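Report on one structure; see the data block that follows.
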Amino acid sequence: MNNPDARSPKPPGRIRRWWTRRSDRAAEIQESGRLTASVRWALGLAGAAMVGAGTWAVFTVETEAGPAALVVIGALLLFVAIMGRQIKEVGLTDGVLVPTELKSRIRNADSAQARVDITAAAAAVNPAIQHDPEIQALSHAAYEEIVAGNLVEIFGQGVVRSSGPYDRGVDITVTVNGKKAGIQTLFGLPDRHLSAQRMLKKVEGILNGSPDVDAVVIVSTMHEPPLSVLNAAGDRAAADGKTFQYVRWNSNSDGAQLERVLRGLLA
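By the count of the working numbering, the sequence shown reaches residue 280 at its end, each step adding exactly one.
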């Protein structure tokens with residue numbers, strides 16, 4: 014006859030197993046620095062409320078420090094909610110709060126597309142982070158890599174990436190039928206556009222840095238500038254005997270438009 018005390022212990026019930034898995038998952042999230050969905054929702058709602066209250070207070074109270082603090086703190090909470098990770102360290106660059114965790118995530122992302130996506134999500138909450146030199150360089154290099162990869166699929170060996178510093182000369186050259194287009198890429202907020210001064214600076218950079226190109230092309234995520242700005246850039250390029258085109262490119266689905274533009278310029 015079997016001894017009742019020698020039998021295997023009764024396995025934990027369904028509720029107990031669920032609670033154990035939940036506790037293990039919470040511990041894993043805490044260890045990795047990620048935030049739970051409920052915490053992210055709470056931070057997002059609190060951040061939105063603070064930004065709204067601060068914005069309203071700007072127009073209703075005489076002091077500026079209090080409302081400004083509400084907006085800044087609220088934006089930071091919204092940023093944390095969207096990123097979904099704890100902020101372990103915050104740096105100050107040109108008066109802008111930039112979480113070190115954000116730079117690390119961009120730097121260590123597993124693809125150029127991931128680096129662009131992370132930067133775009135963070136900039137949507139706090140556009141000023143794009144003034145940080147490191148984030149600016151990382152996002153620009155990632156965007157350039159994506160555009161160049163798309164062009165290589167279309168034009169093959171006719172595509173060459175520049176090894177020089179960005180914002181000087183061209184980032185990419187495309188050669189078709191012996192003609193060459195000098196392309197400079199620009200990653201920025203899709204609801205903003207280049208000023209006339211900045212556009213002319215970029216065109217000048219291509220003309221001075223790569224005088225052998227036949228066409229000057231700006232490829233950007235930013236909204237197309239006003240016609241007056243485009244005309245001024247076109248006139249500057251024409252003064253050196255070059256053609257000019259601005260192309261908005263936000264994803265691989267825009268590759269067909271970029272291809273049509275380049276083939277037209279280099280026909």
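Ideal Cβ placement from N, Cα and C applies to all residues, glycine included. Predicted model, so just to flag it, every value in this text is computed and none were measured.
Given 7 Å as the limit, tell me if residue i has its C-beta closer than that to any heavy atom belonging to the ligand NAD.
{"i": "N190", "result": "Among the components of this structure there are no ligands whatsoever, and the ligand NAD is therefore not found."}
So is residue i buried or exposed if we call it buried at 16+ other beta carbons inside 10 Å?
{"i": "K255", "result": "buried"}
{"i": "G277", "result": "exposed"}
{"i": "V273", "result": "It is Arg, not Val, that sits at residue 273 in the sequence shown. Answer is exposed; the Cβ neighbour count stays below 16."}
{"i": "Q210", "result": "exposed"}
{"i": "A269", "result": "exposed"}
{"i": "E102", "result": "Unreliable positioning characterises E102 in this predicted model, as indicated by a pLDDT of 47, which lies under 50. The coordinate reading is nonetheless provided below. The residue in question, E102, is exposed, as its Cβ has fewer than 16 Cβ neighbours within 10 Å."}
{"i": "S124", "result": "exposed"}
{"i": "K215", "result": "buried"}
{"i": "A252", "result": "exposed"}
{"i": "A135", "result": "buried"}
{"i": "S51", "result": "exposed"}
{"i": "T113", "result": "exposed"}
{"i": "P238", "result": "buried"}
State the Cα-Cα distance for the pair residue i and residue j, rounded to the nearest angstrom.
{"i": "V242", "j": "W54", "result": "42 Å"}
{"i": "V297", "j": "K193", "result": "Because the chain is modelled from 14 through 280, residue 297 falls outside the range shown and cannot be assessed."}
{"i": "Q43", "j": "A250", "result": "Note that Q43 has pLDDT 47, beneath the 50 cutoff, so the model's placement of it is unreliable and the number below is only indicative. If you take the alpha carbons of Q43 and A250, they lie about 55 Å apart."}
{"i": "G247", "j": "R174", "result": "24 Å"}
{"i": "T68", "j": "A88", "result": "11 Å"}
{"i": "D225", "j": "G57", "result": "51 Å"}
{"i": "Q197", "j": "I86", "result": "36 Å"}
{"i": "V129", "j": "I185", "result": "18 Å"}
{"i": "D267", "j": "A150", "result": "23 Å"}
{"i": "W262", "j": "R205", "result": "14 Å"}
{"i": "L271", "j": "Q258", "result": "10 Å"}
{"i": "D180", "j": "H153", "result": "Since pLDDT at D180 reaches only 45, below the 50 mark, its modelled position is unreliable, and no value is offered."}
{"i": "T106", "j": "S117", "result": "Note that T106 scores 49 on pLDDT, short of 50, meaning its location in the model is unreliable and no value can be drawn from it."}
{"i": "G60", "j": "N244", "result": "42 Å"}
{"i": "V232", "j": "G162", "result": "14 Å"}
{"i": "G222", "j": "G65", "result": "46 Å"}
{"i": "N121", "j": "H144", "result": "20 Å"}
{"i": "V195", "j": "D227", "result": "The amino acid occupying residue 195 in the given sequence is Gly; Val does not appear at that position. Distance between the alpha carbons of G195 and D227 is about 8 Å."}
{"i": "T132", "j": "P146", "result": "13 Å"}
{"i": "S176", "j": "M63", "result": "45 Å"}
{"i": "I119", "j": "Q126", "result": "10 Å"}
For the putative contact between residue i and residue j, defined by C-beta atoms under 8 Å, what is the C-beta separation to the nearest angstrom?
{"i": "V295", "j": "L220", "result": "Look at the range of the chain in this structure, 14 to 280, and you will see that residue 295 is not part of it."}
{"i": "L275", "j": "V187", "result": "6 Å"}
{"i": "L279", "j": "V189", "result": "4 Å"}
Just curious, the alpha helix (DSSP H) that residue i is in, first and last residue?
{"i": "F257", "result": "Run containing F257: none in the alpha helix (DSSP H); it sits in the beta strand (DSSP E), T256 to R261."}
{"i": "Q126", "result": "A125 to V138"}
{"i": "Q143", "result": "Element bounds for Q143: n/a, residue is neither H nor E."}
{"i": "A269", "result": "G268 to L278"}
{"i": "L213", "result": "A209 to G222"}
{"i": "T113", "result": "T113 to N121"}
By the DSSP assignment, the beta strand (DSSP E) with residue i in it spans what residues?
{"i": "V172", "result": "V172 to R174"}
{"i": "G195", "result": "K192 to L199"}
{"i": "V242", "result": "Here V242 belongs to no beta strand (DSSP E); instead the alpha helix (DSSP H) covers L240 to A252."}
If we define contact as Cβ-Cβ less than 8 Å, is residue i a contact residue for chain D?
{"i": "L202", "result": "Within the model displayed, chain D is absent; a lone protein chain is all it includes."}
Indicate whether the contact test is met: 3 or more Cβ pairs, each with one atom in the segment 200–212 and one in the segment 167–178, closer than 8 Å. The segment 200–212 makes no contact with the segment 167–178: fewer than 3 CB pairs, one atom from each, lie closer than 8 Å.
Determine, using beta-carbon pairs with one atom in the segment 153–161 and one in the segment 134–143, whether at least three such pairs fall under 8 Å. Counting C-beta pairs closer than 8 Å gives fewer than three between the segment 153–161 and the segment 134–143, which falls short of the contact rule.
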